[in-house]
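Okay, structure first, notes after.
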Amino acid sequence: MDHHSRPDLTAGVWSELEPIKAFYEASATQTDSSEPNEPPSYLPCPISQEIMEAPRVAADGFTYESNAIQGWLSSGHNTSPMTNLPLPNDHLIPNRALRSAIQDWKQNHRS
Numbered sequence: 001m002d003h004h005s006r007p008d009l010t011a012g013v014w015s016e017l018e019p020i021k022a023f024y025e026a027s028a029t030q031t032d033s034s035e036p037n038e039p040p041s042y043l044p045c046p047i048s049q050e051i052m053e054a055p056r057v058a059a060d061g062f063t064y065e066s067n068a069i070q071g072w073l074s075s076g077h078n079t080s081p082m083t084n085l086p087l088p089n090d091h092l093i094p095n096r097a098l099r100s101a102i103q104d105w106k107q108n109h110r111s
């Protein structure tokens, strides 16, 4: 199937991501960290441990920094970095809700 004949999933995907965004925004004020400026545990990439700039959802359902997961996949891995189970595909979907939450957190925690 070429990209012209694929259905437009934007509305459907966005409607799924909106509740996640709302959750992240609500929990952004309630961090599980002991340090007031320490980011919530869902902001750092599980691979790089850095706060994500371009979060992507992989086929395992986990979100990773784009460069980190692309590096993982291009180095020959076909498994999830989190579960070590085989990934059914290498598609990476932008996690716009998390990106928005990260931007909000950064704006509220500028030094």
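1 is the number of the first residue of the sequence shown in full-length UniProt numbering; add one for each residue after it.
Think of the CB as a built atom: it goes at the ideal place given N, C-alpha and C, for glycine as much as any other residue.
All of these numbers come straight from a predicted model, not from anything done at the bench.
Whole-angstrom C-beta distance between Ser66 and Arg56, which should lie under 8 Å: Your numbering for residue 56 matches position 56 in the sequence shown. Your numbering for residue 66 matches position 66 in the sequence shown. Indeed, because the Cβ distance is near 5 Å, the residues count as touching under 8 Å.
Which word fits Asn108, buried or exposed, when buried means at least 16 other C-beta atoms lie within 10 angstroms of its C-beta? Numbered from its first residue, the sequence shown carries residue 108 at position 108. It counts as exposed.
Mapping DSSP to helix, strand and coil, what is Glu50? As a first step, residue 50 is located in the sequence shown; it is residue number 50 there, counting from the start. Coil at Glu50, not helix or strand.
How is the beta strand (DSSP E) around Arg56 delimited, first residue to last? Here residue 56 is taken as the residue at index 56 of the sequence shown, counted from 1. 55-57 is the extent of the beta strand (DSSP E) around Arg56.
If distances are taken between C-alpha atoms only, which option among Thr83, Lys106, Ala22 comes closest to Asp60? The count along the sequence shown starts at 1 and reaches residue 60 at position 60. Checking every option, the nearest Cα to that of Asp60 belongs to Thr83.
Considering Glu65, what are the terminal residues of the beta strand (DSSP E) in which it resides? As a first step, residue 65 must be located in the sequence shown, where it is residue number 65. Counting along the chain, the beta strand (DSSP E) containing Glu65 begins and ends at 63-65.
Give me the DSSP bridge partner(s) of Pro86. Residue 86 sits at position 86 when you count from the first residue of the sequence shown. Bridge partners of Pro86: Thr79.
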